[in-house]
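Novice: One structure follows; several queries about it will come next.
In the working numbering, the protein residues as written are 151 to 270.
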């Protein structure tokens, strides 16, 4: 009986070790920040476009554009949402990500304003 219990415990232990190895990796902080920024921009552009064009409202499909963002960053939809879930389960990391995303957005916006041509 003790042998069977030991074997069951060993099997459970080995299965637990293997499950961690096969788990999808979490996207690093900087990648996640840039991908989220691009997704927010896609969504914002679509909202702006839909307000101007009633035909666009009917054919709008954010998913295709989101897939394009994932493609540009060489990630998959599932890896992004897995990582997003991870950050949501770790509020301290999510707060840092959101704060960093906000600062990144300000830098990008200021940089684009600085590079605008001036008319004399």
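Virtual Cβ for every residue (Gly too), placed ideally from N, Cα, C.
#1: Pull up the distance between the alpha-carbon of residue 181 and that of residue 174, whole angstroms please.
#2: What ranges does the alpha helix (DSSP H) occupy inside the stretch 184-267, keeping only unbroken runs of at least 4 residues that lie completely in it?
#3: Here's the rule: buried if 16 or more other CB atoms are within 10 angstroms of the residue's CB, otherwise exposed. What is residue 257?
#4: Roughly how many angstroms separate the alpha carbons of residue 200 and residue 236, rounded to a whole number?
#5: Pick helix, strand or coil for residue 182, following the three-state DSSP scheme.
#6: Considering only the alpha carbon of each residue, which of 242, 227, 233, 220 lies closest to residue 188?
#7: Taking 8 Å as the limit between beta carbons, can you name the residues of its chain near residue 246, skipping five residues before and five after?
#8: Given a cut-off of 8 Å, decide if residue 250 and residue 177 are closer than it, judged by their beta-carbon atoms.
Specialist: On the basis of the data shown:
#1: Taking the first residue of the chain shown as position 1, residue 181 is located at position 31. Taking the first residue of the chain shown as position 1, residue 174 is located at position 24. Straight-line Cα distance between these residues: approximately 15 Å.
#2: 204-209, 212-222, 227-239, 241-264
#3: For the purposes of this step, residue 257 is taken as residue 107 along the chain shown, with counting starting at 1. By the 10 Å Cβ count, residue 257 comes out exposed.
#4: Here residue 200 refers to the residue found at position 50 when the chain shown is read from its first residue. Here residue 236 refers to the residue found at position 86 when the chain shown is read from its first residue. One C-alpha to the other measures close to 32 Å.
#5: By one-based count along the chain shown, residue 182 stands at place 32. In the structure shown, residue 182 sits in a helix (DSSP, three-state: H, G or I).
#6: By one-based count along the chain shown, residue 188 stands at place 38. Among 242, 227, 233, 220, the Cα nearest to that of residue 188 is on 220.
#7: Reading the chain shown from its first residue, position 96 is the one you call residue 246. Counting only Cβ-Cβ distances below 8 Å, and skipping sequence neighbours, we find 179.
#8: Here residue 177 corresponds to residue number 27 of the chain shown, with the count starting at 1. Here residue 250 corresponds to residue number 100 of the chain shown, with the count starting at 1. No. Outside cutoff.
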